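Trainee:
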Amino acid sequence: MPRIGVYLAHPRPGSFNHAVFHTVVQHLRHLGCEVLAHDLCAEEFAPGLTADETETVRSATDTHDAQLALHRAEVATLDAMVFVHPNWWGMPPAVLTGWVQRVLAPGVAYKLGTAEGEPEGLLRAGRALVLNTSDTPADREEAEFGDPLQSIWASCVLPYVGIADVHRVVFRTLADSSDETRASWLHEARCHAAALLT
């Protein structure tokens with residue numbers, strides 16, 4: 012049974028991001044996956060990296076923070092990961108940025124000091140799906156900003172921890188979307204989630 016972590020970063024209950032998150036979680040469970048679902052804002056995950064956490068971690072439990080230890084232990088067991096969040100200033104929301112910095116720590120998600128001088132990813136997850144919402148049209152996102160979220164996830168974060176197969180989907184523009192369009196986006200989210208299993 013595939014074990015998939017699904018992470019939501021949006022503070023407002025009832026947001027479309029929440030709808031995407033719940034749709035993906037339910038669909039993956041329907042397909043027989045073991046899903047570890049985390050609404051990071053509802054769980055009040057603390058995003059602030061402490062001074063102690065800037066050191067290499069000896070094990071996932073090398074922390075006095077029980078919530079952090081749980082997340083670190085879980086990511087090591089996943090076959091795939093899904094991230095659902097809005098595009099805010101070309102970045103994930105702070106809670107998810109903090110999750111990346113605190114959970115995907117050296118010693119947990121990657122190690123330094125290899126013979127080749129390159130970091131070595133430690134996660135077993137082979138695939139990741141990133142589902143974003145945005146109010147910026149695609150042509151402006153690319154021409155003016157260079158699509159920073161694509162660089163963050165597909166170049167900077169996930170390959171660093173060993174996840175080479177990264178697929179990202181953007182639902183835009185959210186602010187002026189109709190109910191019919193949103194329903195089609197939820198169907199699309201289900202299809203992309205199911206593709207993690209193929």
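With positions in the sequence shown counted from 1, the corresponding number in this note's numbering is that position plus 11. Glycine included, C-beta positions come from ideal geometry on N, C-alpha and C. Treat the numbers as computed from the prediction; the structure is a model and nothing was measured.
Evaluate the contact criterion for the stretch 71-88 versus the stretch 25-44: three or more CB pairs, one atom per stretch, below 8 Å.
Mentor: In short, these stretches do not touch, since the Cβ pair count stays below three.
Trainee: If you draw a straight line from the C-alpha of Ala200 to the C-alpha of Ala30, how long is it?
Mentor: Their backbone Cα atoms lie some 10 Å apart in a straight line.
Trainee: How is the beta strand (DSSP E) around Glu217 delimited, first residue to last?
Mentor: Because the chain in this structure spans residues 12 to 209, residue 217 falls outside the shown range and cannot be described.
Trainee: State whether the stretch 148-158 contacts the stretch 103-115, with contact taken as three or more CB pairs (one from each stretch) at a distance under 8 Å.
Mentor: Short answer: they don't touch.
Trainee: Within the same chain, show all residues whose beta-carbon is closer than 6 Å to that of Ala91, passing over the 5 residues directly before and after it, in chain order.
Mentor: Closer than 6 Å at the Cβ level, and outside the excluded window around Ala91, lie Ile15, Ala136, Arg138 and Leu207.
Trainee: Which residue marks the beginning of the alpha helix (DSSP H) containing Arg23, and which one marks its end?
Mentor: Taken as a continuous stretch (DSSP letters only), Arg23 belongs to no alpha helix (DSSP H), as it is neither H nor E.
Trainee: Taking Ala120 and Leu134 to be in contact with their CB atoms under 8 Å, please state how far apart those CB atoms are, rounded to whole angstroms.
Mentor: So it is a contact: roughly 5 Å between Cβ atoms.
Trainee: Could you give the residue range of the alpha helix (DSSP H) that holds Ser195?
Mentor: Residues Asp190 to Ala206.
Trainee: Leaving out five residues on either side along the sequence, give the residues of the same chain with a beta carbon under 7 Å from the beta carbon of Gln112.
Mentor: Excluding positions up to five away in sequence, the list reads Leu60.
Trainee: Run through DSSP, which three-state label would Val31 get?
Mentor: Here Val31 sits in helix by DSSP.
Trainee: With Asn28 and Asn98 assumed to form a contact (beta carbons below 8 Å), what rounded beta-carbon distance in angstroms separates them?
Mentor: About 11 Å; that fails the 8 Å criterion.
Trainee: Give me, in chain order, the residues of the same chain whose beta-carbon lies closer than 6 Å to that of Leu89; leave out the 5 immediate sequence neighbours on both sides.
Mentor: Excluding residues within five positions, the ones whose Cβ falls inside 6 Å are Arg14, Gly16 and Ala136.
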